[in-house]
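First the structure, in the form of structure tokens, and then the observations on it.
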Amino acid sequence: MTLKEKLSSDMKGALRSKDSLRLNTIRSVIAAIKNQEIDLRKELQGDEVLSIVTREVKKRKEASALFEQGGRMDLVEKENQEHTILLAYLPEQASEEELRKRIQEVIAETGAEGMKDFGKIMKVLVPEFKGKADNGLIKNLAGEYLN
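Residue numbers for the sequence shown follow our numbering, beginning at 41 and rising by one.
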């Protein structure tokens, strides 16, 4: 079952169980997927759908932080719940320890020495951890080791 099919199936389940939060969250992701398909004029496949779900998760996380700064705890709670719902559609996230270990291995494999070789290791790490880790976290950790 593809991710799009799973989202559709779960939307129907949420509709039947009258779970409005889950239903609205899944609908918004499906709408984002459909909008992207319309923009690109093609049907999206696995990695493309995964990147949209990842983007939606990131949006919820950022919105939650902004609402918290604004003191809107009711909206913080809603965004956090939506974030949790969407996390179920992502592959298991890599731990920071796992990332650090792999970054050290890639640095050793490529012979990277300093920030001038930053692109070399990112070229290996980003595809490997696509959907499993935030690129910002990979970038920060790689930067620590190269400095």
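Positions of the beta carbon are idealized from the N, C-alpha and C atoms, including for glycine.
Everything numeric in this text was worked out from a predicted model, so none of it was measured.
Here residue 126 is actually not in contact with residue 153; their C-beta atoms are around 39 Å apart, not less than 8 Å. Between the segment 70–85 and the segment 132–147, the count of C-beta pairs closer than 8 Å stays below three; the two stretches do not touch.
Linking residue 120 to residue 149 through their CA atoms gives a straight-line distance of about 39 Å. Pairwise C-beta distances place the segment 52–65 in contact with the segment 108–122, as three or more of them are shorter than 8 Å. Assigned with DSSP and collapsed to three states, residue 156 falls in helix. Runs of the alpha helix (DSSP H) spanning 4 or more residues and lying entirely within the segment 86–165 occur at 86–109, 113–127, 136–150, in chain order. Scanning 159, 92, 155 for the CA closest to the CA of residue 186 turns up 155. Put simply, the backbone Cα of residue 161 is about 18 Å away from that of residue 135. Residue 55 is positioned such that its CB atom lies no closer than 9 Å to that of residue 93. In its chain, beyond the 5 residues on either side, 139, 143, 162, 165, 166, 169 have a beta carbon closer than 8 Å to the beta carbon of residue 178. Cβ atoms of residue 51 and residue 70 come within 8 Å of each other, at about 7 Å. When secondary structure is reduced to three states using DSSP, residue 187 falls in the coil class, being assigned neither helix nor strand.
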